[in-house]
Structure formats: C-alpha cells, structure tokens
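Student:
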Amino acid sequence: MAAATPAFADQPPAPDWQLSQAQIAATLAKRAADLTIGRAAGLKTAADLQANPPRLDRPGRTGLGSAALITDKGPSFYIYAAGPSVVGDWGNDTFRGNAMQTILEDFYGRPGVPQSQIILTYSTFDIGNRISAFYVPLGNDILGIGYKHQQGLNGQETFSLPPPFAAQGFVMMNQYQNYGSGTGRQGFEHYLTAMQEIGHRWGAQMQVAIAGKEKIMLGRDDSHWSFYLDTGGSPMEGNAWVDNGNGTFTTRTLSLWFGGTAPPYSNLDLYAMGLMAPGEVTPWFVIEPTGSSFPASCGPVFNCSGSDRTVTGTKRNLTLTDVINSEGVRVPATSPADLHIAVLLIVPQANLPVSAATKSAVEALVQQAATFYGSATRGRGRLVLDSVNPLPALKGLGATCLSSNECDPALADQCSRSDAGDGATCVKNCGSGGTCGQGYCCAGGFGTTMACFPGGSQACPDTEPPMKKGLGERCIGGDDCQSGQCIEQPGQPGYMFCTAECQDTPCGGPAGTFSCVDAGGGAKACIYAGVPPGGLGSVCAGGDECVSGMCLPLATGMQCSMLCNDTTPCPGGFDCVATAGVEKVCQLKPTTKPPGDGDGGCAVGSPTSGTSRTGALFGVMMLVAALALVTRRNKK
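First residue of the sequence shown: 1096, per our numbering; consecutive thereafter.
(1) How is V1457 classed by DSSP in three states: helix, strand or coil?
(2) With H, G and I counted as helix, E and B as strand and the rest as coil, what does DSSP make of T1416?
(3) Quick check on Q1598: buried or exposed, where buried means 16 or more other Cβ atoms within 10 Å of its Cβ?
(4) What's the gap between the Cα of D1316 and the Cα of S1392?
(5) When the Cα of L1220 is compared with those of I1419, S1455, N1273, which residue comes out closest?
(6) Rounded to the nearest angstrom, what separates L1363 and V1376 at their Cα positions?
(7) Count the other CB atoms, across all protein chains shown, that sit within 10 Å of the CB of G1644; report buried if there are 16 or more and exposed otherwise.
(8) Output needed for F1190: all residues of its chain with C-beta closer than 7 angstroms, excluding positions within five of it in sequence on either side, in chain order.
(9) Given this structure, state the Cα-to-Cα distance separating S1329 from S1361, to the nearest angstrom.
(10) Beta-carbon separation of V1303 and L1413 under 8 angstroms?
(11) If you drop the 5 nearest sequence neighbours on each side, which residues of the same chain put their C-beta closer than 6 angstroms to that of A1769?
(12) Under three-state DSSP, which class holds S1329?
(13) Compare the Cα-Cα distances from G1282 to each of D1338, I1311, T1356 and report the closest residue.
(14) Hey, how far is the Cα of A1721 from the Cα of E1583?
(15) Apart from the five residues on each side of it in sequence, which residues of its chain come closer than 6 angstroms, Cβ to Cβ, to D1508?
(16) Can you tell me which residues form a DSSP beta bridge with T1409?
(17) Is there contact between the region 1230-1246 and the region 1290-1302, where contact requires at least three CB pairs shorter than 8 angstroms?
(18) I'd like the span of the beta strand (DSSP E) that includes D1167, first residue to last.
(19) If you reduce the DSSP assignment to three classes, tell me which class L1486 lands in.
(20) If we call anything under 8 angstroms between Cβ atoms a contact, is Q1263 one with I1213?
(21) Please confirm whether L1683 and G1668 have their CB atoms less than 8 angstroms apart.
(22) Check R1315 in the structure and name its three-state DSSP category.
(23) If we ignore side chains and look at the alpha-carbon of each, how far apart do L1647 and P1448 end up?
(24) Pairing CB atoms from the region 1415-1423 with CB atoms from the region 1435-1455, are three or more of them under 8 angstroms?
(25) Spatial neighbours of E1292 within its chain, please: C-beta separation below 6 angstroms, excluding the five flanking residues on both sides.
(26) In whole angstroms, what is the alpha-carbon distance linking M1653 and A1636?
(27) Could you give the C-beta distance for R1512 and A1505, rounded to a whole number, given that I count them as a contact under 8 angstroms?
(28) Buried or exposed for A1335, please, with buried defined as at least 16 other CB atoms from any protein chain shown within 10 angstroms of its CB.
(29) Looking at the unbroken alpha helix (DSSP H) that takes in N1269, where does it start and where does it end?
(30) With distances taken Cα to Cα, identify the nearest neighbour of G1469 among G1493, L1434, A1488.
(31) Secondary structure at N1147, three-state DSSP: helix, strand or coil?
(32) Determine the DSSP secondary structure at D1188, reduced to helix, strand or coil.
(33) Please check the pair Q1577 and A1177, which I expect to be a contact at CB under 8 angstroms, by giving their CB distance rounded to whole angstroms.
(34) Could you please give the first and the last residue of the uninterrupted beta strand (DSSP E) stretch that includes G1539?
(35) Comparing C-alpha positions only, which one of A1595, G1551, T1558 sits nearest to K1564?
(36) Considering only the beta carbon of each residue, do N1269 and S1218 sit closer than 8 angstroms?
Below, the structure is given as structure tokens:
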C-alpha cells in the first residue's frame, strides 16, 4: 500500500524505518504481551505508592543499601550496580515491586542526584518474559488529564512521594540489547516503546462527558487509546483512520510505517502533555463499530492483525469540550517544553565494570530517545538528560556527614555519632575488640555495635587524630588533605590527589615530580609533571597498582590502561589500540610528553570537599569542568 502523509503539518522529519510488513508484524507481535502500565500485572499503582511510599530507612532492604550502587557513568547515563534484589524475574509481581522500590531508594539515597521528572532505566539482562516495558506513576501535579480515574485514588488527582523522591514516574525499558543499533525493526520498537512509556506520564486515560459512554476513547487497561479512536497512529495507540464515506473506515497506520513515517503524539496527547493550547486541538472522531471482531483493547498500532483493516461502524465526532466537561480544564494550562529525565543502566554486580562497547551502545539509545521525543512532540517538547551531570564525590573514613549515603562504602560503612556525643562522621564497623588503624579507635557508635572513629573526638580522646595527606597522595575529598584541596590530575580520568597552592613558592617533593601551573584568575596549583604513580600510562605489575584497575602488557611494557573506543577516546598523549583478548585500550604515545606535563597554561581540575585558604584559586577551579570528573568513584 502506498505511503500516506500524516495530517500534522508541524511534524518534523521522522526516521526512515525501511520496514517490511513482516518485520512490523514480528515486532508488534512481541509487544502484544506487553503489560505496560502495570495494573493488570500487579505493579504498584499511584495509590499503592501513596499508601506505602519508598523510604530510605526501610527495614529489611535487600539491596546493597549504599550510595556506591551508582558506580560509574556513561556520557549521558548513570550505571547502577544491581544486587540480587534487582536481578531476577520482574514478571513476578512481588519481586518487580520490590526491585523498583530498591532502585528508587538507592538512587535517591545518593547525595546530589538530579531532581528529574522521570527515572528511565535500561538493563543488561532480560527482566522476565512477561514484561516488555512499563511505566509506574510516582506523582502528578496536573489537574484535568484523567488521573482521578487511576485505580485506588478515589477521585484524587494530585499526589507525590515524600522527599527526597522527586520523580513523577519510573520507566523500565528492559534490556538495551532488544533495541540493537536503533535502526530498522529494532529502531521501530525503540521508538514505540520509549515514546509510549514516557507518554504514560500524562495519558492515555481521559474520558468524555457522554452518558453511558464515558470510556469510549479508552482501550487496553483504560490507559491506552481505543483501537477505534482516530489518533493519527499515536504511540499511545488508537489508529490513523480514513473515513471511506460509506459507513466503513480503514486504518492507515501501517501504511505510515511502511512508508517510513513514525506517527507523532496526537493533538489530544499534546494537550494532556501541556504542549498544545486548547484552541489548537482540532476535532477528532471515534468509531462505534457494528459487527466488528476487533475489541477496543486491540493495540498497539499493529491493529491486532499485522495489516491495515477496514471496519464498519458509526462515526462519533468529539471535541476538547467533551473532554473538559468530564475532566475539567487542564491546570496549569501548559507545561514547560523541557522534560527532565535521569537515565540508569542497571547492571548485575558480577558484570561490572561496564565495557566501553556497552557504554557506547547504550549512549546511542539514550541520544536516540531524546531525538525521538522531539519528533514525537512535533518539535514542541525536548528531552533534557539530567544524567549527563556527574555526582558529588563520596566521603572517606572520619569525614563529617549527614547520612550514610554520603560515605564511600569501600572506606566507611555508615554515617554515625559516637556514644560519647560526637557529631556524625563516616565510620566503619570494627566489631568487638577490633582495630581501626593509625589515627582511629574502635568505640561504641550510636545505633551501631562498635565503629572506627577519628582520634581526638570524644569517642577517642586518647588517640592522636589521623594524619592528613600531603602533596601528591591519593584522596577522595578535601577532608583527606592537609591543604584541604583534592583535585583530578589533567589527562588522568579519576586520578584524585592532594594538591597545594604554589604561587611564587615552588611545589615540594622530588625535583621534577610536580609542576606549578596556572589555574586561572592569577592563581597557581601543583600537579604531577609526568605520569603519576598508578595513573594511566604508569609502569605496573598488577591491576591493584592502577587507578583504573587494569594493568596490561602493551608495546611499551606493562602499563596502567583503560578501555576506549571512538566515542570514549583516550586522553591526550595516548593512542587507542587493539590488544588481543581485550577491547581497545589506551597506550601511552612514546613520542609525546607525558600527560600532565605542565607548561604554565594548563587549568587544573575542580576540587572536592574542603575549604580553600585562597578563594581565587579554587573558586576559579570550580568552573573548570572540562578537565575534571571529580565524582568518579576512585580505586585506591
């Protein structure tokens, strides 16, 4: 059948899927078992979450329960290290609900997470045969879009989870491998899945003020549009219908797909999303079928049959007034064009670290989803990826804290006060009669058995305080350093060390080890003049000597390295080379100056934690984000 042109003049060019009818039928047959919104599958509803909201102090949590669950990141997404409470059969109602709750708790337990509207997740494993993807509502602050019909809300429209759970919805996209490179049949599935699940933030659940036929627009689960609703082929289901003028109607939804067009959200969808003013919503229609074998719950756009179909029936014209008379006016009338989301890639702990190839594949899907949203909203909306931002560094043993989620679990188990009444610090359990190392003592902790507290505190009055680290020593935050400043070495991703201000005073240490470089604003700081010990390109005998944890036999000998590819290149001074048995890795160029060899004009990375004695130096360095990934979790 020839391609048909969508009835939306403001639709931007859509991807060319180049799909055959057989490809579409195969793709959408898989989607037929999708339990999407989740009420029929027993997913937590808005009412369930209000009655029993996630909380960070929930007893019996089965996840790791620490901020370190966000272990790494790709360019535009966070990597979540999943424990046994998350990796399993999400087709099991209880397991799925607990897994989702654990992810929310662990994500929001991480200090500094963005206050995104949607948490969108991909996984590296199949979440279960019963589920393709789903959306769960977590909050709603909009009137007039049908939330009062949500099961269990008893007419209530607005709701939210308590702080710090800021998200309004949770999307699970299942394993990223399902979507391949995002082209052809798999690209079609990615578009349909991502846009439908994100679209569930607002719909489709609006009813009309027609006695006895209030749900005439609704289909599957009362949360997708009816097979018989004219939606232009929206990702929220319904169809693009043609009125043949003789009491019959023919779908053209598949014709659009065969012609390489991805139908956008309907006008009614855009109104619900706050991206279209009421006066722009033109009338539409729904078919009241006679003698049809297709139920209203047929969907998604594949028409339950794999081909465009003709049905008989009566056309009922609808307008936005019919909706407003049932739901009330939308308040607020419009919403901002930007929809803020945070993307998580959920990875079993046993499969960490994530390879550069996986990061690259997921990054392509994340960017594609953002492009899809612009196309589906016809250029009216924009998906803003909050997860491009790094997160604040975790704190080490003895650092002051407000909650355990601020503490690096590799160094400290929890945030606790001592029985003696000290302020809260990051501590680690030492057990009965345990030892803690120089500068710490094993003492009674509030709410703990025995924990390591810093010397000089009320818990350890007879123990000398821990020694602060000097120039060049590895650190997590400024609290670790004598200078109060911990920065990242330029050209060495994740290499954090204690620096010092130099100005007219030379840097200390062996001659040639450090350079005093311009940090901007007339201030100077010390950085390594060459490859730092354990840094990328340094000589090593095993992975424990390398910050990256990777020591490889390369052309220049045993060398600390890291994974790389075209989208994750090596820092300057390194080549990305292929090595047998390993993906491409970074190798020091023999003909270039070692990374960090300062020439007086190199800006240094941002400091973490601690107060500078020279505000000009480190105030400026806070702005130099290009060379600093200060929130990378560091290997000691």
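Just so it is clear, CB atoms sit at the ideal spot from N, CA and C, and this is done for glycine as well. Keep in mind it's a predicted model, so treat the numbers as computed, not measured.
Tutor: So, to answer that:
(1) For the purposes of this step, residue 1457 is taken as the residue at position 362 of the sequence shown. If DSSP states are grouped into helix, strand and coil, V1457 belongs with the helices.
(2) Here residue 1416 refers to the residue found at position 321 of the sequence shown. In the structure shown, T1416 sits in a helix (DSSP, three-state: H, G or I).
(3) For the purposes of this step, residue 1598 is identified with residue 503 of the sequence shown, where counting begins at 1. With fewer than 16 other Cβ atoms within 10 Å, it is exposed.
(4) Reading the sequence shown from its first residue, position 221 is the one you call residue 1316. Reading the sequence shown from its first residue, position 297 is the one you call residue 1392. About 8 angstroms.
(5) Here residue 1220 corresponds to residue number 125 of the sequence shown, with the count starting at 1. Note on identity: in this sequence residue 1220 is Phe, with Leu being the wrong assignment. F1220 has its Cα closest to that of N1273, out of I1419, S1455, N1273.
(6) To locate residue 1363, count along the sequence shown from 1; it is residue 268. To locate residue 1376, count along the sequence shown from 1; it is residue 281. Whole-angstrom Cα-Cα distance: 7 angstroms.
(7) For the purposes of this step, residue 1644 is taken as residue 549 along the sequence shown, with counting starting at 1. It is exposed - the Cβ of G1644 has fewer than 16 other Cβ atoms within 10 Å.
(8) Taking the first residue of the sequence shown as 1, we reach residue 1190 at position 95. Excluding sequence neighbours, F1190 sits near G1183, D1184.
(9) As a first step, residue 1329 is located in the sequence shown; it is residue number 234 there, counting from the start. As a first step, residue 1361 is located in the sequence shown; it is residue number 266 there, counting from the start. Answer to the nearest angstrom: the Cα atoms are 6 angstroms apart.
(10) Taking the first residue of the sequence shown as 1, we reach residue 1303 at position 208. Taking the first residue of the sequence shown as 1, we reach residue 1413 at position 318. Yes, the pair counts as a contact, with Cβ atoms nearer than the cut-off.
(11) With the chain represented from 1096 up to 1731, any question about residue 1769 goes unanswered, as that position is not in the structure.
(12) Position 234 of the sequence shown holds residue 1329. Three-state result, S1329: coil.
(13) For the purposes of this step, residue 1282 is identified with residue 187 of the sequence shown, where counting begins at 1. Answer by Cα proximity: T1356.
(14) Position 626 of the sequence shown, counted from the start, is the residue given in the question as residue 1721. Position 488 of the sequence shown, counted from the start, is the residue given in the question as residue 1583. Only weak support exists for where A1721 lies, its pLDDT of 20 falling under 50; the value from the coordinates is given anyway. Taking the straight line from one Cα to the other gives about 11 angstroms.
(15) As a working mapping, residue 1508 is identified with position 413 in the sequence shown. K1523, N1524, listed in sequence order.
(16) Against the sequence shown, residue 1409 aligns to sequence position 314. T1409 is bridged to E1383.
(17) yes
(18) Counted from its first residue, the sequence shown places residue 1167 at position 72. 1165-1168 is the extent of the beta strand (DSSP E) around D1167.
(19) The residue given as residue 1486 occupies position 391 in the sequence shown. It is coil, neither helix nor strand.
(20) Numbered from its first residue, the sequence shown carries residue 1263 at position 168. Numbered from its first residue, the sequence shown carries residue 1213 at position 118. Contact: yes.
(21) Position 588 of the sequence shown, counted from the start, is the residue given in the question as residue 1683. Position 573 of the sequence shown, counted from the start, is the residue given in the question as residue 1668. Yes.
(22) Stepping through the sequence shown from its first residue, residue 1315 is reached at position 220. In the structure shown, R1315 sits in a helix (DSSP, three-state: H, G or I).
(23) Within the sequence shown, the letter at position 552 stands for residue 1647. Within the sequence shown, the letter at position 353 stands for residue 1448. Cα to Cα, the separation comes out at about 16 angstroms.
(24) no
(25) Position 197 of the sequence shown, counted from the start, is the residue given in the question as residue 1292. The residues are A1228, Y1230, V1266.
(26) Here residue 1653 refers to the residue found at position 558 when the sequence shown is read from its first residue. Here residue 1636 refers to the residue found at position 541 when the sequence shown is read from its first residue. In a straight line, the C-alpha of M1653 is about 7 angstroms away from that of A1636.
(27) Here the question's residue 1512 lines up with position 417 in the sequence shown. Here the question's residue 1505 lines up with position 410 in the sequence shown. So it is not a contact: roughly 22 angstroms between Cβ atoms.
(28) Residue numbering aside, residue 1335 sits at position 240 when the sequence shown is read from its first letter. Per the 10 Å Cβ criterion, buried.
(29) Mapped onto the sequence shown, residue 1269 falls at position 174. Not the alpha helix (DSSP H): N1269 falls in the beta strand (DSSP E), residues 1264-1270.
(30) Working through the sequence shown from its first residue, we reach residue 1469 at position 374. Comparing Cα positions, the closest option is L1434.
(31) Translated into positions along the sequence shown, residue 1147 becomes position 52. If DSSP states are grouped into helix, strand and coil, N1147 belongs with coil.
(32) By one-based count along the sequence shown, residue 1188 stands at place 93. DSSP places D1188 in helix when its eight states are reduced to three.
(33) Within the sequence shown, residue 1577 is the residue found at index 482, counting from 1. Within the sequence shown, residue 1177 is the residue found at index 82, counting from 1. Actually they are not in contact, since the Cβ atoms of Q1577 and A1177 sit about 39 angstroms apart, beyond 8 angstroms.
(34) Within the sequence shown, numbered from 1, the residue matching residue 1539 stands at position 444. 1535-1539 is the extent of the beta strand (DSSP E) around G1539.
(35) The residue given as residue 1564 occupies position 469 in the sequence shown. With distances taken between Cα atoms, K1564 lies closest to A1595.
(36) In the sequence shown, the residue the question calls residue 1269 occupies position 174. In the sequence shown, the residue the question calls residue 1218 occupies position 123. For N1269 and S1218, yes; Cβs fall inside 8 angstroms.
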